[in-house]
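Enquirer:
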Amino acid sequence: MAEIDAAWEVTVEDVKRMMDQRIPFLLIDVREPEEHKTCRVDGAALMPLGELPQRVDEIMRRADGRPIVTHCHHGGRSLKAAVFLRGAGIENVRSMAGGIDEWSVRIDPRVPRY
Numbered sequence: 045m046a047e048i049d050a051a052w053e054v055t056v057e058d059v060k061r062m063m064d065q066r067i068p069f070l071l072i073d074v075r076e077p078e079e080h081k082t083c084r085v086d087g088a089a090l091m092p093l094g095e096l097p098q099r100v101d102e103i104m105r106r107a108d109g110r111p112i113v114t115h116c117h118h119g120g121r122s123l124k125a126a127v128f129l130r131g132a133g134i135e136n137v138r139s140m141a142g143g144i145d146e147w148s149v150r151i152d153p154r155v156p157r158y
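The opening residue of the sequence shown carries number 45 in the working numbering; numbering runs sequentially from there.
1. Hey, R110 and F69: beta-carbon distance below 9 angstroms or not?
2. Does the CB of V137 have a neighbour CB from chain C at under 9 angstroms?
3. Am I right that A88 and I112 are in contact with their C-beta atoms under 8 angstroms? What's the rounded C-beta distance?
4. As a quick exercise: from A132, D58, D86 and E53, pick the residue whose alpha carbon is nearest that of Q98.
5. Checking the sheet assignment: what are the DSSP bridge partners for D145?
6. Since D93 contacts A125 with CB under 8 angstroms, what's their CB separation in whole angstroms?
7. According to DSSP, is I134 part of a helix, a strand, or is it coil?
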């Protein structure tokens, strides 16, 4: 398993900037389907953390060389996802620090908090 590095996180502001500048990247929501139904970041692909081991090939295909950003509710699961994916050989992956809750607070208050 890969060691955690603080540089493996990206801020919600950085993710918003990537979106605004139309920088191609794959945003993966690693929360559970019920959480995703409650609120979501537009364009995020739902892939619950527990499913990632079976979906590594799909993730590599969907990313197609683009950077990957994972997110969850507060940032814990998405950091675990980033560590797992890096350990699986996908190097250009970062976790969105603070998760969708931070997104709601700093970027889009229309996104419900829970």
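From the three backbone atoms N, C-alpha and C, an ideal C-beta is built for every residue, glycine too.
Expert: Once the coordinates are examined:
1. yes
2. Of the chains in the structure shown, none is chain C; there is only one protein chain.
3. Not really, about 11 angstroms apart at Cβ, beyond 8 angstroms.
4. Nearest Cα to Q98 within the set A132, D58, D86 and E53: A132.
5. Bridge partners of D145: none, in fact.
6. Note on residue identity: the sequence assigns Leu, not Asp, to residue 93. Their Cβ separation, rounded to whole angstroms, is 6 angstroms, which keeps L93 and A125 in contact under 8 angstroms.
7. coil
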